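Once you know that position 157 of the sequence shown is 157 in UniProt numbering, the rest is easy, because the numbers rise by one and skip nothing.
What follows is a set of notes on a single structure, which appears directly below.
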Amino acid sequence: MTSENKGTAQLTIAMVLSGTLGVFVVESGASPFNVVFFRVLFGALALGGYILARGWLRDHGFTPRTLGLAVLGGVFIVFNWVLLFQSYENTSISVATVVYHTQPFYVVLLGALLFRERITAAKAAWIGVAFAGLVLVSGVTPGDFGSGGAYLTGLGQALLAALLYGLSTVVTKRVTGVRPHLIALVQVLVGIPLLLPFADFGAMRGTGADWGWLVGLGIIHTGLMYVLMYAAYAQLPTAKIAVLAFVYPAVAMLVDWAVYGHHIGLVQALGVPLIVTASLKVTLARRPASAPAPGTAGHAPEAASRPATPVASEA
1 MTSENKGTAQ LTIAMVLSGT LGVFVVESGA SPFNVVFFRV LFGALALGGY ILARGWLRDH
61 GFTPRTLGLA VLGGVFIVFN WVLLFQSYEN TSISVATVVY HTQPFYVVLL GALLFRERIT
121 AAKAAWIGVA FAGLVLVSGV TPGDFGSGGA YLTGLGQALL AALLYGLSTV VTKRVTGVRP
181 HLIALVQVLV GIPLLLPFAD FGAMRGTGAD WGWLVGLGII HTGLMYVLMY AAYAQLPTAK
241 IAVLAFVYPA VAMLVDWAVY GHHIGLVQAL GVPLIVTASL KVTLARRPAS APAPGTAGHA
301 PEAASRPATP VASEA
């Protein structure tokens, strides 16, 4: 197996795992704050164990500045997860995931706003196409404005989660000379004290088998998934990473339909290819020759993902 084929398999598996995340969140029965708290707790144990086994804590490469940036990125990532999981409750896994995939456009807009990065006419047009797709995917009807607003709130939560993910991406792209696994570890460690005041441990009594879903979120969807993604990024070109990133929402929609019977309508479905196409066009836009190569990015991831937080988006 060639290096690129191996990377393709690793990233595909990581994105498939990411697509099942919503089921773990819903089946745990815990509140979004509790879900994220235990995700970062078990995720830190999984990632920390892997990093210790590889001996990567020695010569970690952090400086006070890059460590501070990683911590700030972690704040954005943690609350991004909380908002996304709240969106699952108010909309559906399918709708929330597709809306969440407006992340690449926020990265472009934030770069222009914060760092005066140039937005070409082509990028601006594709961002317009993406948000036209977003309007279709949202499926908002006049009745949604008079029914307590839960659905609209869920859409807003998914959009805000995407914005926070974009902020994390912009921040962590400035962290160079550090393994992405270490950046991810810092980010989940930040979540433990950050979410501790919001966690309701009393509500976790008697959850029994539901703890398995929470442990899975930490070990599978944070530890294993990140390790697979970062291994794949080192072996794949940006174009392939960007394309494979869309395995995540595709699997999320399939799983949401198979497990919960949720599916997006025909008009909503018309918006999906608009967002996908625009995202690829923006992500793969040719950089000017003078532009520096991006530094090591860690997320999400996500992409997610990471955020490049890498190129692949992940929850």
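Where is the CB? At the ideal position from N, CA and C, for every residue including glycine.
None of these values were measured; they are calculated from a predicted model.
Assigned exposure category for residue i - 16 Cβ within 10 Å defines buried
i	result
P292	Because P292 sits at a pLDDT of 32, beneath the cut-off of 50, its placement in the model cannot be relied upon, and the point is left open.
M1	exposed
P180	buried
A162	buried
V140	exposed
V99	buried
V135	exposed
L189	buried
N5	exposed
S28	buried
F198	exposed
G212	exposed
G223	buried
G208	exposed
V267	exposed
Per-residue DSSP class, three states only, for residue i
i	result
S3	helix
G19	helix
T8	helix
W56	coil
A14	helix
T120	coil
V140	coil
S28	helix
A132	helix
A315	coil
A44	helix
A125	helix
A285	coil
G61	coil
G149	coil
Supposed contact pair residue j and residue i - C-beta distance, whole angstroms, cut 8 angstroms
i	j	result
V82	F33	6 angstroms
D256	I93	4 angstroms
V178	G61	4 angstroms
A96	L114	Contact flag wrong, Cβ pair sits at about 26 angstroms.
G272	V137	For the record, residue 272 in the displayed sequence is Val; it is not Gly. Indeed, because the Cβ distance is near 6 angstroms, the residues count as touching under 8 angstroms.
Boundaries of the alpha helix (DSSP H) in which residue i is found, first to last residue
i	result
S94	93-100
T66	64-90
G111	103-115
Residue ranges of each alpha helix (DSSP H) within the UniProt domain "EamA" (154-280), 4 or longer: Entirely contained in the UniProt domain "EamA" (154-280), the alpha helix (DSSP H) runs reaching 4 residues are, in chain order, 180-195, 211-218, 225-233, 238-244, 247-260.
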